[in-house]
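In structure tokens, the structure reads:
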């Protein structure tokens, strides 16, 4: 009888932890989707340019430094506290973007700047398109979320630049 009670307590504890885990993952997934939808309701732009440098942040995420050839803001109604995808220096034509950038071997070696891709984005499609001799791909645009501080550090590091969040 005592063994049965222990088994039941362990079962109910395990079941309870499983249910809590399911609720937390569902909530965080919905929150991320809501945050992403809110971002795209406040910001819409198109730009293209050459990636000239990057900072690998982990997983498939990198900070991309882009020399912008063309940019057009359809609208940008972001508040200071809103999440954002990147920053743009209109004086020097440079964008710094948090991006899903799964370039081959990015975790193992430094990529030469000559091999870095040309990028195009359109927030209507919510995609970032990469094109180079060694890498053609696309990824979803996403608000910076947990990587937000990397963009804020870039803003602070370059105080003399005219950064606009997007």
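In my numbering, the protein residues as written are 15 to 180. We treat Cβ as the ideally placed atom computed from N, Cα and C, and that holds for glycine.
What's the gap between the Cα of residue i and the Cα of residue j?
i, j, result
"residue 145", "residue 133", "6 Å"
"residue 100", "residue 165", "7 Å"
"residue 126", "residue 138", "31 Å"
"residue 119", "residue 128", "15 Å"
"residue 24", "residue 48", "36 Å"
"residue 135", "residue 142", "5 Å"
"residue 95", "residue 161", "14 Å"
"residue 93", "residue 124", "36 Å"
Flag this pair as yes or no: are the beta carbons of residue i and residue j separated by less than 8 Å?
i, j, result
"residue 163", "residue 103", "no"
"residue 178", "residue 155", "no"
"residue 59", "residue 180", "yes"
"residue 57", "residue 90", "yes"
"residue 86", "residue 76", "no"
Please name the residue in the options whose C-alpha comes closest to that of residue i.
i, options, result
"residue 116", "61, 17, 152, 82", "152"
"residue 74", "170, 113, 159, 180", "113"
"residue 158", "21, 122, 121, 78", "78"
"residue 169", "17, 84, 16, 98", "98"
Excluding the 5 residues flanking residue i on each side, which residues of the same chain have their C-beta closer than 8 Å to its C-beta?
i, result
"residue 182", "Nothing can be reported for residue 182: it is not among the residues displayed for the chain, which extend from 15 to 180."
"residue 121", "70"
"residue 82", "61, 62, 63, 102, 107, 108, 109"
Just to confirm my understanding: we take residue i, look at its own chain, exclude 5 residues before and 5 after, and list those with CB closer than 7 Å. What are they?
i, result
"residue 131", "65, 144, 145, 146, 149"
"residue 20", "none"
"residue 88", "58, 59"
"residue 167", "none"
Which residues in the same chain have their Cβ closer than 6 Å to the Cβ of residue i, if we skip the five residues on either side of it in sequence?
i, result
"residue 171", "none"
"residue 84", "62"
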